[in-house]
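Enquirer: For reference, each letter of the sequence shown is one residue, going 1 to 414 in UniProt numbering. Glycine included, each C-beta is placed from N, C-alpha and C at the ideal position.
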Amino acid sequence: MSKQDGSNRMVSSLDVDDASATILHVDLDAFFASASLIARPDLRGLPVVIGHDSSRSVVTAATYEARRYGVHSAMPMGRALQLCPNAVILEPDFALYSRLSHEVMAILDDFSPEVERLGIDEAFVDVAGARRLLGGAVAIGTAIRERVRAETGLVASVGASSTKFIAKLASGRAKPDGLLVVPADEAVAFLHPQPVGALWGVGERTQERLERYGLRTVSDVAHTPLATLSGWFGPSLGPHLHALAWARDVRAVRERARERSMGHNHTFGVDVTDRDDLRSEILRLGTGVGRRLRAAGAVGRTVTLRVRFHDFRTITRSRTLPDATDVTRVIVETAWTLLDELDDPTPVRLLGVQMTQLSDPSDAGLLWDDSEDWGSAERAMDAVHDRFGTLAVTPASMLRRERKREDAGPSGGD
1 MSKQDGSNRM VSSLDVDDAS ATILHVDLDA FFASASLIAR PDLRGLPVVI
51 GHDSSRSVVT AATYEARRYG VHSAMPMGRA LQLCPNAVIL EPDFALYSRL
101 SHEVMAILDD FSPEVERLGI DEAFVDVAGA RRLLGGAVAI GTAIRERVRA
151 ETGLVASVGA SSTKFIAKLA SGRAKPDGLL VVPADEAVAF LHPQPVGALW
201 GVGERTQERL ERYGLRTVSD VAHTPLATLS GWFGPSLGPH LHALAWARDV
251 RAVRERARER SMGHNHTFGV DVTDRDDLRS EILRLGTGVG RRLRAAGAVG
301 RTVTLRVRFH DFRTITRSRT LPDATDVTRV IVETAWTLLD ELDDPTPVRL
351 LGVQMTQLSD PSDAGLLWDD SEDWGSAERA MDAVHDRFGT LAVTPASMLR
401 RERKREDAGP SGGD
């Protein structure tokens, strides 16, 4: 997730020249946080942090109100609460995020057959073939944003340019809730004042190396001889940096493969030995995995249990099912069996449940006969969760565990 807080927002006027802007980058604003607020509209406008309420947890996402305090994703939760003591913490709901993402991507598919999904909350759209029918980048980008808001309640920012690299940068500058078109002949002027970290593929370590050589802006990189960059960074990264610094990016928009796995981990606030507590946590994790599978229209065949002990030893155990499934009951009971087969009394620090070997239900054959009724019931529960929140319909053992946690004080985290 981004650290952007909207302080450097830039948007285009309606009369901008968008003839060369055939690639859009559509990015959902503060996606996890915004999606979570659909079920909690009373929290809109407040600093909300998505994650587990534990000192061992990390921030999954934050609203723009929280970002203005310096809170950002992957930050330790303890640090986030130091920066923003009045933050409201909400548990993540990955099944809801998956369903909303699926709906947004379906909207993008209506505008172009050339859609490249970058993750759960962003995608490139090549609109070169849609211009005659739907108009230019401004018209198409505006239509996409309006449909996303109307059909999902989410807000999308859109960047448009002649290359994927500049389109992605533009969507970042348009946040929140904006559209920015960068014509091809203005790309270099738009790019050069930006810090070197704006270059695609430049992480913290590469940025530190660039800055050690005195290169702090993209312009500095662009005006460094290619031979020098290659000497410093090698024959692959050097030319890559030089090309991007001059806004040269020949990559086309290409459809990406389906996710290969879905899973959730949980790090306990206090190490756990009680077997019932471990089974209850597996129930919670497996419920989330099942919801994500159903929301994404996917099924899986292999269930994996991940256990990290107090001494940081980590083991995984897997079982491949006779038939692919998205049924929570099957996932949870398989993970429970894997747990029961472990004979180790060492306190547990982390549990994880994952489903792999994913496929479309139409390609997977019949599900287990004795699971069909459960699958129908779980899909009905999904609809209730999406509308009223994850605790609206909850297994009794999970409620008992939540009450136990409340009596014992705060614990749990990712």
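For Ile315, is the classification buried or exposed, using 16 other Cβ atoms within 10 angstroms of its Cβ as the cut-off for buried?
Expert: It counts as exposed.
Enquirer: From which residue to which residue does the alpha helix (DSSP H) around Val196 run?
Expert: Per DSSP, Val196 belongs to no alpha helix (DSSP H) and is neither H nor E.
Enquirer: Can you give me the C-alpha to C-alpha distance between Tyr97 and Val289, rounded to a whole angstrom?
Expert: Going from the Cα of Tyr97 to the Cα of Val289 covers about 12 Å.
Enquirer: Which word fits Gly365, buried or exposed, when buried means at least 16 other C-beta atoms lie within 10 angstroms of its C-beta?
Expert: Below a pLDDT of 50, predicted positions are generally treated as unreliable, and Gly365, at 43, falls in that range; no measurement from the model is reported.
Enquirer: Pairing CB atoms from the stretch 82–99 with CB atoms from the stretch 60–69, are three or more of them under 8 Å?
Expert: With a cut-off of 8 Å, the stretch 60–69 and the stretch 82–99 count as touching, because enough Cβ pairs lie within range.
Enquirer: Measure the alpha-carbon distance for Thr163 versus Ala156 and round it to whole angstroms.
Expert: Cα to Cα, Thr163 sits roughly 19 Å from Ala156.
Enquirer: What is the DSSP secondary structure of Phe312, reduced to helix, strand or coil?
Expert: Correct three-state label for Phe312: coil.
Enquirer: Find the nearest neighbour of Arg313 within the set Ser219, Pro345 and Gly297, judged by alpha-carbon distance.
Expert: Out of Ser219, Pro345 and Gly297, Pro345 has the C-alpha closest to the C-alpha of Arg313.
Enquirer: Could you tell me how far apart the beta carbons of Asp126 and Ile23 are, in whole angstroms, since I believe they sit closer than 8 Å?
Expert: Rounded, the Cβ-Cβ distance is 6 Å, consistent with contact.
Enquirer: Taking the continuous alpha helix (DSSP H) assigned at Val353, which residues delimit it?
Expert: Here Val353 belongs to no alpha helix (DSSP H); instead the beta strand (DSSP E) covers Val348 to Thr356.
Enquirer: According to DSSP, is Asp15 part of a helix, a strand, or is it coil?
Expert: Note: Asp15 maps to coil in three-state DSSP.
Enquirer: Label Gly129 either buried or exposed according to how many other C-beta atoms from any shown protein chain fall within 10 Å of its C-beta, with 16 as the threshold for buried.
Expert: Exposed, since its Cβ has fewer than 16 Cβ neighbours within 10 Å.
Enquirer: Below 7 Å between beta carbons: does that hold for Leu244 and Leu199?
Expert: Contact flag set, yes.
Enquirer: Sorted by chain position, which residues of the same chain lie with C-beta nearer than 8 Å to Ala167's C-beta, five sequence neighbours on each side aside?
Expert: Around Ala167: Ala21, Ile23, Leu24, His25, Phe124, Gly159, Ala160, Ser161 and Val182.
Enquirer: Go through its chain and collect everything with a Cβ distance to Asp43's Cβ below 7 Å, but skip five positions before and after it.
Expert: The question names Asp, yet the displayed sequence has Leu at residue 43. Cβ within range, chain order: Leu37 and Val88.
Enquirer: Which residue marks the beginning of the alpha helix (DSSP H) containing Ala123, and which one marks its end?
Expert: That residue, Ala123, is in no alpha helix (DSSP H); its beta strand (DSSP E) goes Glu122 to Asp126.
Enquirer: Could you tell me whether the Cβ atoms of Gly51 and Met77 are closer together than 7 Å?
Expert: A contact, by the Cβ cut-off of 7 Å.
Enquirer: Identify the residues that DSSP records as bridge partners of Ile23: which are they?
Expert: Partner(s): Asp126 and Ser161.
Enquirer: On the three-state DSSP scale, how would you describe Pro239?
Expert: Reduced to three states, the DSSP call for Pro239 is helix.
Enquirer: Using a Cβ-Cβ cutoff of less than 8 Å, which residues in the same chain neighbour Gln194 once the five nearest sequence positions on both sides are dropped?
Expert: Closer than 8 Å at Cβ, skipping near neighbours: Leu169, Thr217 and Val218.
Enquirer: Identify whether Val289 lies in helix, strand or coil by the three-state DSSP scheme.
Expert: Looking at Val289 - three-state DSSP - the assignment turns out to be helix.
Enquirer: Identify, in the order they occur along the chain, each residue of the same chain with its Cβ nearer than 7 Å to the Cβ of Ala66, setting aside the five sequence neighbours on each side.
Expert: Here the set comprises Pro47, Val48, Val49, Cys84 and Ala87.
Enquirer: Considering just the uninterrupted stretch of the beta strand (DSSP E) at Asp220, what are its terminal residues?
Expert: Run containing Asp220: none in the beta strand (DSSP E); it sits in the alpha helix (DSSP H), Val218 to Ala222.
Enquirer: So, with DSSP's three-state summary, where would you put His264?
Expert: Three-state DSSP puts His264 in a strand.
Enquirer: Please check if any C-beta of chain D sits within less than 7 Å of the C-beta of Ala39.
Expert: Annotation note: the requested chain D is absent from the structure, which comprises a single protein chain.
Enquirer: Taking the alpha helix (DSSP H) that Arg212 falls in, what are its first and last residues?
Expert: Run containing Arg212: Glu204 to Arg212, per the alpha helix (DSSP H) assignment.
Enquirer: Give the straight-line distance between the Cα atoms of residue 478 and Arg147, rounded to the nearest whole angstrom.
Expert: Outside the displayed range of the chain (1 to 414) lies residue 478, so it cannot be described from this structure.
Enquirer: With a Cβ-Cβ cutoff of 7 Å, do Gly286 and Val353 count as a contact?
Expert: Yes, Cβ-Cβ distance for Gly286 and Val353 is below 7 Å.
Enquirer: Look at the Cβ atom of Arg319, then the Cβ atom of Val303, and state whether they are nearer than 7 Å.
Expert: A contact, by the Cβ cut-off of 7 Å.
Enquirer: Give a yes or no on whether the C-beta atoms belonging to Pro28 and Asp121 are separated by under 7 Å.
Expert: This sequence places Leu at residue 28; Pro is not what is there. Yes.
Enquirer: Could you check what DSSP says for Thr228 in three-state terms: helix, strand or coil?
Expert: Three-state DSSP puts Thr228 in a helix.
Enquirer: Put Val155 into one of helix, strand or coil per three-state DSSP.
Expert: In this structure, Val155 counts as coil in the three-state DSSP scheme.
Enquirer: Within 10 angstroms of the Cβ of Leu338, are there 16 or more other Cβ atoms? Answer buried if so, exposed if not.
Expert: It is buried - the Cβ of Leu338 has at least 16 other Cβ atoms within 10 Å.
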